[in-house]
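Take a look at the structure set out below.
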Amino acid sequence: MGYRRILWLTCFVAILFVFAVGRPTSVSAEQNPPEVGLTNDTSQWDNATCLGCHGNSGLSTELPSGEHLDATIDKTRWQASIHAYWNMKCILCHTSITSIPHDPPTAQDLRQYAIRESESCTVCHLEQATKTTDSVHAKAREEGIEQAAVCSDCHDPHYVTNPPIARVDIPKTCRKCHAEIYDRYEESVHGSALTDGNPDVPTCTDCHGIHEIEGPINSPFRLFSPLICKKCHANKEMMDKYGIRTDVFSTYVADFHGKTVTLFEDLAPGQETNKPVCVSCHGVHDIMPPSDPESTVFKANLLTTCRRCHPDADTNFPTAWMSHYTATPHEWPIVYYARLFYRILIPTVIGGMLLYVIIDALGRYREKRRTRREVRDA
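Numbering (this note's numbering), first residue to last: 1 to 378.
This is the structure we're talking about:
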């Protein structure tokens with residue numbers, strides 16, 4: 001009987017020990033962090049010091065706006081980040097933290113906090129930060145639009161990896177601000193192919209750039225946009241995979257539309273022109289295959305597309321334009337033979353005139369020599 005009492009007493013003590021030691025504790029920003037016995041010399045701190053508090057779930061602080069700033073760091077995701085790989089210390093970014101325990105952030109709201117903290121990125125990423133100074137996002141912030149993207153909106157500083165963003169996730173990152181555009185892109189020929197895992201289709205950054213993003217409505221970007229399309233659509237190796245012709249750019253610049261745009265782009269990039277570029281006819285984020293009935297260049301929709309610039313166009317108007325096709329004896333034969341005729345006629349006429357001038361000049365020269373000789377012999 002005594003043996004059983006001792007056994008039960010031992011079990012009871014063990015259970016009390018487990019509850020006392022293993023019970024989880026919740027942490028909030030209002031509670032003081034555990035005593036860590038550190039000085040305020042931040043150079044002596046390591047990331048384990050910060051994670052001692054910020055690795056606990058449920059850690060947050062309330063900002064003056066009433067918003068709650070989540071201050072919990074997922075240790076596993078942090079360890080997988082590029083910053084952890086290079087052993088970057090927390091205090092290199094959070095320079096306002098100079099003591100433990102430390103005061104709550106002074107930012108009025110979450111947006112102001114994100115903008116302030118993103119300024120620390122320039123310490124290591126000066127080249128990228130310099131590129132953003134002329135970007136559409138930076139200009140928007142200068143105009144007082146606080147929602148314009150900063151570093152941390154695209155690159156989560158605690159969990160950023162290398163490469164920073166998976167290709168398939170780039171549009172999803174832009175979606176945070178550009179949801180309506182993303183929805184159109186997702187349904188387009190490019191977006192749907194990206195979702196299916198196609199690595200060749202363009203994402204947002206392939207057309208707009210990354211850190212030096214320009215506004216799409218300014219004239220230089222518009223005039224330059226055909227060269228963006230050229231990067232893929234003039235790439236024979238890439239287009240051959242999908243049976244897409246690669247002469248779409250060359251036929252565009254050979255056409256009166258493309259010639260005018262090219263001249264403006266070369267000579268006056270800042271001047272407006274109403275001549276169409278690729279996106280004027282094919283769309284921007286909602287581009288569909290020409291065979292799709294919803295496409296702006298589907299045969300039944302061409303007249304509507306042309307009337308954007310040519311409001312008086314009749315039903316025969318689209319058929320009078322060769323589009324991106326090259327004239328051959330089988331397609332557009334009249335144009336083909338007319339060009340062939342002029343390719344023969346023009347060199348023949350000019351060559352014949354040059355030959356006539358040369359023969360005439362030689363005849364005059366010989367006549368002068370004969371006259372001089374007769375005068376000398378007289």
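Note that beta-carbon positions come from the ideal geometry of N, C-alpha and C, so glycine has one too.
- Counted as a single uninterrupted DSSP element, the alpha helix (DSSP H) harbouring Asp360 occupies residues Pro333 to Asp377.
- Distance from Cys90 to Cys50 at the Cβ level is roughly 4 Å; contact confirmed, criterion being Cβ atoms closer than 8 Å.
- Around Thr326, the same chain offers Asp247 and Thr251 as residues with beta carbons nearer than 7 Å, after the five sequence neighbours per side are excluded.
- DSSP places Thr61 in the uninterrupted beta strand (DSSP E) bounded by Ser60 to Glu62.
- Distance from the Cα of Asp156 is smallest, within the candidate group His178, Ser118 and Arg184, for Ser118.
- In this structure, Thr72 keeps its C-beta atom at 8 Å or more from the C-beta atom of Pro104.
- In the three-state DSSP reduction, His330 falls in the coil class, being neither helix nor strand.
- With a contact defined as Cβ atoms closer than 8 Å, Val277 and Val253 miss out at about 11 Å.
- Beyond the five residues adjoining it in sequence on each side, Ser57 comes within less than 7 Å, by CB distance, of Thr72 in the same chain, given in chain order.
- Looking at the backbone, the Cα of Leu340 and that of Ala320 are separated by about 19 Å.
- Judged by DSSP secondary structure, Asp153 falls within the alpha helix (DSSP H) whose first and last residues are Cys151 to Cys154.
- Ile97 and Thr106 have their C-alpha atoms spaced approximately 11 Å apart.
- If you draw a straight line from the Cα of Cys229 to the Cα of Asp240, it is about 16 Å long.
- Fewer than three beta-carbon pairs drawn from the stretch 74–82 and the stretch 107–127 are found closer than 8 Å, and the two stretches are therefore not classed as touching.
- For His68, the uninterrupted beta strand (DSSP E) run begins and ends at His68 to Asp70, by DSSP.
- In the DSSP annotation of this structure, the continuous segment of the alpha helix (DSSP H) that includes Phe256 starts and ends at Phe256 to Leu267.
- The residue among Leu302, Arg141 and His54 with its C-alpha nearest the C-alpha of His102 is His54.
- DSSP places Glu119 in no alpha helix (DSSP H); its state is neither H nor E.
- For His54, the enclosing alpha helix (DSSP H) starts and ends at Asn47 to His54.
- Here DSSP, grouped into helix, strand and coil, assigns Ala129 to helix.
- Collapsing the DSSP output to three states places Pro311 in coil.
- Collapsing the DSSP output to three states places Asp169 in a helix.
- Put simply, the backbone Cα of Val123 is about 9 Å away from that of Leu92.
- Closest option to His285, judged by alpha-carbon separation, among Cys174, Asp46 and Glu127: Cys174.
- Remark: C-beta atoms of His158 and Trp78 approach each other more closely than 8 Å.
- Per DSSP, reduced to three states, the secondary structure at Asn301 is helical.
- In its chain, beyond the 5 residues on either side, Thr122 have a beta carbon closer than 6 Å to the beta carbon of Ala129.
- Taking C-alpha positions only, Lys275 is separated from Phe317 by approximately 17 Å.
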